[in-house]
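At position 88 of the sequence shown (counting the first as 1) the number is 88 in the UniProt record's numbering, and the numbers step up by one without a gap.
Glycine included, each C-beta is placed from N, C-alpha and C at the ideal position.
Here is the structure we will look at, set down as structure tokens.
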Amino acid sequence: MSFRAHLLEETDGKVAGGLVELEESRLPEGEVTVAVEWSTLNYKDGMVLKGIGRLVRSYPHVPGVDFAGTVEASSDPRYKAGDKVVLTGWRVGEWHWGGYAEKARVKADWLVPLPAGLTTRQAMAIGTAGFTAMLAVLDLERHGLAPGEERPVLVTGAAGGVGSVAVAILATLGYRVAASTGRAETHGYLRDLGAAEIVERAELAEAPSRPLDKERWAACVDAVGGTTLAHVLSQMGYGRSIAAVGLAGGNRLETTVLPFLLRGVKLLGIDSVLRPYADRVAAWQRLVADLPLDRLEAMTSEAGLGELPALADAILAGQIQGRKVIDVR
Ligand code: NDP
Numbered sequence: 001m002s003f004r005a006h007l008l009e010e011t012d013g014k015v016a017g018g019l020v021e022l023e024e025s026r027l028p029e030g031e032v033t034v035a036v037e038w039s040t041l042n043y044k045d046g047m048v049l050k051g052i053g054r055l056v057r058s059y060p061h062v063p064g065v066d067f068a069g070t071v072e073a074s075s076d077p078r079y080k081a082g083d084k085v086v087l088t089g090w091r092v093g094e095w096h097w098g099g100y101a102e103k104a105r106v107k108a109d110w111l112v113p114l115p116a117g118l119t120t121r122q123a124m125a126i127g128t129a130g131f132t133a134m135l136a137v138l139d140l141e142r143h144g145l146a147p148g149e150e151r152p153v154l155v156t157g158a159a160g161g162v163g164s165v166a167v168a169i170l171a172t173l174g175y176r177v178a179a180s181t182g183r184a185e186t187h188g189y190l191r192d193l194g195a196a197e198i199v200e201r202a203e204l205a206e207a208p209s210r211p212l213d214k215e216r217w218a219a220c221v222d223a224v225g226g227t228t229l230a231h232v233l234s235q236m237g238y239g240r241s242i243a244a245v246g247l248a249g250g251n252r253l254e255t256t257v258l259p260f261l262l263r264g265v266k267l268l269g270i271d272s273v274l275r276p277y278a279d280r281v282a283a284w285q286r287l288v289a290d291l292p293l294d295r296l297e298a299m300t301s302e303a304g305l306g307e308l309p310a311l312a313d314a315i316l317a318g319q320i321q322g323r324k325v326i327d328v329r
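Now the structure itself:
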């Protein structure tokens, strides 16, 4: 019994990979074996595929931080053959073999049942990026974001995966969404997802000229980090929150404490990888409720396993629009 996989090898410190046939005996230990149907492309997948950031513990390695498919066999009573399941996070695709293969074997604890109302393809169109966007919105709500805001909610890196889902959810919930992008060709796309206004990336990319600027935002989902995050901090409305999700623009943050001390601004860190099961199920339920499937489809495009090396370059260069699902079948 063999299956197709994108396998990464490390030679003389260089990471490269391609499609291979693997014997099923090569699968790692785990309670649940899944016939993978769809996977997805996240920024982190780009890093793993290019061997950046030392995210992978050992080679040979099967990347792919997300997958959805059908259980083939399970020694855990929570799952049985034929169940549809979804996996995001838990360092799958980094420390553990991931979703860029026709089969995966994982711990039962890492899975969630496919949410009712979604296909495996739709679950992967959401993927880690969309799941994280939902976690960000949930945390902003927990810290006071509610309909009726006068100021817009800002989304940075808006045309990327996290950003696109965040724009669509926030617009569906009735917020006025300001979408920040560096790509002029995505303006129409972002308006179709529900953005009410477009903010040029360059406007926020420089370090702020003063610690406290005009109050501009009711909340922010930030996929960019770096000087953009520092800039946005200086423009937050009194008592408002930023969900810090990503580092597409850099992982350093140079700021002053004044937005925190004088405006009570809150900086909320969002981690999707180690979220407990109950949080996961709740976030997937909210995704089903608050992310219209037509908008999800509008931000989704497909690719095959053979396209992964080129896609890795594209996502690290900020060239992927919305969400890319990987057809593994
Ligand atoms: P994408 O590449 O799809 O989106 C990132 C977007 O950021 C790009 O589309 C682009 O948007 C913008 N961008 C890219 N480069 C730059 C730059 N140099 N300066 C400013 N903006 C830039 O990636 P994802 O949506 O998958 O992930 C976004 C970020 O969130 C990543 O850093 C990722 O690691 C992180 N992440 C974190 C998670 C967590 O658990 N905390 C989970 C998932 C992702 P535009 O063209 O519109 O300007």
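* To do: Determine the direct distance from the alpha carbon of M1 to that of V137, and round the result to whole angstroms.
  => Approximately 43 Å between the Cα atoms of the pair.
* Please name the residue, chosen from V34, V36, E21, I52, that lies closest to V15 on a Cα-to-Cα basis. => I52
* From which residue to which residue does the alpha helix (DSSP H) around M236 run? -> Counting along the chain, M236 falls outside any alpha helix (DSSP H), though it belongs to the beta strand (DSSP E) covering 236-244.
* For W95, which three-state DSSP category applies? -> Coil, per DSSP.
* To do: Assess, as a yes-or-no matter, whether the segment 172-181 is touched by the segment 241-257 under the definition of 3 or more beta carbon pairs within less than 8 Å.
  => no
* **Backbone CA spacing between R26 and S75 [nearest angstrom]** => The alpha-carbon of R26 is positioned some 18 Å away from that of S75.
* Asked: Alpha carbon to alpha carbon, what distance is there between A184 and K214?
  -> 25 Å
* P28: buried (16+ other C-beta within 10 angstroms of its C-beta) or exposed? -> exposed
* **Close Cβ partners of V36 (< 7 Å) along its chain, the five nearest in sequence each way excluded** => F67, G69, G99, A101, E102, K103, A104, V328
* To do: Could you spell out the range, first to last residue, of the alpha helix (DSSP H) harbouring E72?
  => Per DSSP, E72 belongs to no alpha helix (DSSP H); it is in the beta strand (DSSP E), 66-74.
* To do: Count the other CB atoms, across all protein chains shown, that sit within 10 Å of the CB of L262; report buried if there are 16 or more and exposed otherwise.
  => exposed
* With a cut-off of 8 Å on the beta carbons, I'd call L135 and I242 a contact; round off their distance for me. => Contact doesn't hold; Cβ gap of about 14 Å is too wide.
* Counting only the same chain and skipping the five closest in sequence on each side, list residues whose C-beta sits under 6 Å from that of E24. => The residues are M1.
* Looking only at C-alpha atoms, which of E141, R91, D83, G306 sits nearest to L114? -> Of the candidates E141, R91, D83, G306, the one whose C-alpha sits nearest the C-alpha of L114 is D83.
* Would you report the Cα separation of D290 and I169, rounded to the nearest angstrom? -> 6 Å
* Asked: Bridge partners of T88, per DSSP?
  -> Partner(s): D66.
* Asked: Under three-state DSSP, which class holds S2?
  -> strand
* Would Q235 be called buried (16 or more neighbouring beta carbons within 10 Å of its own) or exposed? -> Under this definition Q235 is a buried residue.
* Can Q285 and A159 be called in contact, C-beta distance under 8 Å? -> no
* In the DSSP assignment, find the alpha helix (DSSP H) that holds A312 and state where it starts and stops. => 308-316
* Taking one C-beta from the segment 276-283 and one from the segment 300-318 each time, how about it: are there three or more such pairs within less than 8 Å? -> no
* Cβ-heavy atom distance between residue 330 and the ligand NDP below 7 Å? -> Here the chain has residues from 1 to 329 only, and residue 330 is not among them.
* Asked: Which first and last residues belong to the beta strand (DSSP E) in which P208 is found?
  -> Where P208 is concerned, there is no enclosing beta strand (DSSP E), given that its DSSP letter is neither H nor E.
* Return the chain-ordered ranges of every alpha helix (DSSP H) run that is complete within the segment 111-176 and spans a minimum of 4 residues. => 120-142, 161-172
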